[in-house]
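To keep things clear, I will list the structure first and then write my remarks on it.
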């Protein structure tokens, strides 16, 4: 199967925009509070199941792989159905830290691409402006 052609923005930069990180990595990263904390309990946090429909499947997959477990207490907000708070298991903590690293690398690569795009766009605009000299009118004034 042939690759899609580069978009105009990607042609300016000269390479493709790096893909966004996977939803699974984003879900697992959300459980990491402070990876450099001294205490183990300060590194990770519990969370409700995601409300967004596109994050439910990765959350369910993480539960099936044994990375998440439901807490002992279900919480009801303003009389709604009681919902569990999900916590990382030991294998989930390792996976969450790795997912955090992958997401941060992806974000850094995308940020670098955006900076390159802005530089290329400024250069392109400057080149266009130099071709169209502003001192020479394109049409005679009445």
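In our numbering, the protein residues as written are 582 to 723. Glycine included, every Cβ here is placed at the ideal spot set by N, Cα and C.
Exercise for the section: Could you tell me which of 587, 703, 668 and 684 sits nearest to residue 605, measuring between CA atoms? Expected result: 684
Problem - Segment limits, alpha helix (DSSP H) that includes residue 675 - result: Under the DSSP assignment, residue 675 falls in the alpha helix (DSSP H) whose first and last residues are 671-712.
Practice task
Determine the burial state of residue 635: buried for a count of at least 16 other Cβ atoms within 10 Å of its Cβ, exposed for fewer.
Solution key: exposed
Problem - Pairwise C-alpha distance: residue 597 and residue 588 - result: 8 angstroms
Handout entry: Neighbourhood of residue 671 by C-beta, 7 angstroms cutoff - its chain only, sequence neighbours within 5 removed
Key = none
Handout entry: Cβ contact check for the stretch 663-679 and the stretch 613-627: 3 or more pairs under 8 angstroms
Key = yes
Exercise for the section: Could you tell me the distance, in whole angstroms, from the CA atom of residue 586 to the CA atom of residue 708? Expected result: 24 angstroms
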